[in-house]
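Right, one structure below, let's go through it.
In the numbering used here, the protein residues as written are 15 to 151.
If you want it as structure tokens, here you go:
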């Protein structure tokens with residue numbers, strides 16, 4: 015089992031509630047969230063009005079994605095952060111970068127069983143079921 019958390023993404027007046035995979039292999043130097051095109055569309059970020067295209071090495075090879083700096087706010091269990099949005103047409107679920115997981119204070123206790131907690135709490139939390147989105151790639 016992988017670790018997934020329930021999130022709310024907000025961009026302007028639009029929001030999406032979904033699960034997000036906490037992906038420690040998604041290495042980043044900023045609070046990045048990768049989203050499928052459908053999630054970006056529901057947030058009013060697709061098609062983009064102004065954004066830049068970036069290339070990234072992923073598990074599936076090199077991918078070009080639309081990068082929207084400070085494109086949204088994420089909320090996980092009441093904790094909020096401003097996030098950059100990477101729109102990836104080849105994924106079917108939202109991905110949280112290692113940087114953002116650290117910023118939110120997410121500590122993985124048991125990746126196999128999906129157990130986690132916040133670094134300033136003792137409460138054990140469990141992974142949520144994945145929510146899949148249609149791929150557009």
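All residues carry an ideal CB built from backbone N, CA and C; glycine is no exception.
The C-alpha of residue 37 lies about 6 Å from the C-alpha of residue 110. Residue 82 and residue 99 do touch by the CB rule: their CB atoms are close to 4 Å apart, below 8 Å.
Distance from the Cα of residue 53 is smallest, within the candidate group 94, 105, 70, for 105. Put simply, the backbone Cα of residue 80 is about 24 Å away from that of residue 90. In the three-state reduction of the DSSP assignment, residue 53 falls in the helix class, which pools H, G and I.
Within the same chain, and ignoring the five residues on either side of residue 117 in sequence, the residues whose Cβ sits closer than 8 Å to its Cβ are 45, 95.
In the DSSP secondary-structure assignment, residue 109 is bridged to 35, 48. For residue 94, the enclosing beta strand (DSSP E) starts and ends at 93-101. The C-alpha of residue 150 lies about 9 Å from the C-alpha of residue 102. A direct Cα-to-Cα measurement between residue 28 and residue 127 gives close to 33 Å. Put simply, of 42, 86, 84, 65 the residue whose alpha carbon is nearest the alpha carbon of residue 71 is 42. Given a length threshold of 3 residues, each whole run of the beta strand (DSSP E) inside the stretch 121-148 is given here in chain order: 129-132. Going by C-alpha positions, residue 59 is about 10 Å away from residue 26.
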